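Numbering (the numbering used here), first residue to last: 17 to 204.
Idealized CB from N, CA, C, for every residue including glycine.
On a predicted model such as this, the values are computed, not experimentally measured, just so you know.
Inspection log for the structure reproduced underneath, given as structure tokens.
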């Protein structure tokens with residue numbers, strides 16, 4: 017192998033990783049902008065993408081994607097749900113959904129870590145445990161932060177948990193089906 021080919025390998029690897037992060041942030045942005053009619057509240061597809069990133073990219077890459085996405089929003093790019101007209105940047109982060117945004121990074125990392133740690137189990141079991149773990153962390157971070165705005169107890173659960181559970185369970189199930197289908201495809 018010559019020197020020129022050896023020097024191109026790290027550059028190609030870096031280009032690939034940057035491309036993965038960029039595509040992931042685009043997927044997250046699109047998922048924030050798409051509102052799906054659902055009961056009792058319309059839902060975005062963000063948690064589906066966050067959990068899917070964790071399942072398919074692992075804990076490090078998926079966390080990097082989510083952190084890059086959060087930084088884009090923090091720097092004022094309109095990547096979050098409702099932006100524009102809602103202001104992006106620090107004001108959005110400091111708002112009631114800021115904890116859920118941080119929870120996205122935790123959820124992606126947890127789902128990625130868990131799916132790797134359970135490698136000996138069938139894909140559907142790995143993915144189910146992984147998305148459950150990620151979802152719990154996302155809700156813990158989000159509800160803790162939201163409680164500072166609406167109070168804690170039943171009022172918090174009515175504002176930040178109950179209306180979203182059915183939608184998030186649906187998105188988690190879709191993530192599990194996609195992951196399982198992808199992994200079972202190679203073994204058929």
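Counted within 10 angstroms of its Cβ, other Cβ atoms place residue i as buried (16 or more) or exposed
| i | result |
| --- | --- |
| residue 29 | exposed |
| residue 114 | buried |
| residue 120 | buried |
| residue 38 | exposed |
| residue 31 | exposed |
| residue 35 | exposed |
| residue 26 | exposed |
| residue 204 | Confidence in residue 204 is poor, its pLDDT being 49 and thus under 50, which makes the residue's placement unreliable; the coordinate value appears in the next sentence. Exposed, since its Cβ has fewer than 16 Cβ neighbours within 10 Å. |
| residue 69 | buried |
| residue 137 | exposed |
| residue 176 | buried |
| residue 81 | buried |
| residue 86 | buried |
As assigned by DSSP and simplified to three states, the class of residue i
| i | result |
| --- | --- |
| residue 48 | helix |
| residue 204 | At residue 204, the pLDDT of 49 sits below 50, so the modelled position is not reliable and the matter cannot be decided from this model. |
Beta carbon of residue i nearer than 8 angstroms to that of residue j
| i | j | result |
| --- | --- | --- |
| residue 154 | residue 116 | yes |
| residue 151 | residue 107 | no |
| residue 172 | residue 182 | no |
| residue 157 | residue 71 | no |
| residue 65 | residue 179 | no |
| residue 145 | residue 162 | no |
| residue 105 | residue 90 | yes |
| residue 99 | residue 184 | no |
Member of the options whose CA lies at the smallest distance from the CA of residue i
| i | options | result |
| --- | --- | --- |
| residue 188 | 25, 137, 82 and 127 | 127 |
| residue 79 | 41, 170 and 90 | 41 |
| residue 49 | 101, 36, 148 and 131 | 101 |
| residue 76 | 112, 63 and 132 | 132 |
| residue 201 | 139, 166 and 165 | 139 |
| residue 74 | 165, 185, 176 and 142 | 142 |
| residue 83 | 199, 24 and 118 | 118 |
Three-pair Cβ contact test at 8 angstroms for the stretch 37-52 versus the stretch 76-94: Touching, yes.
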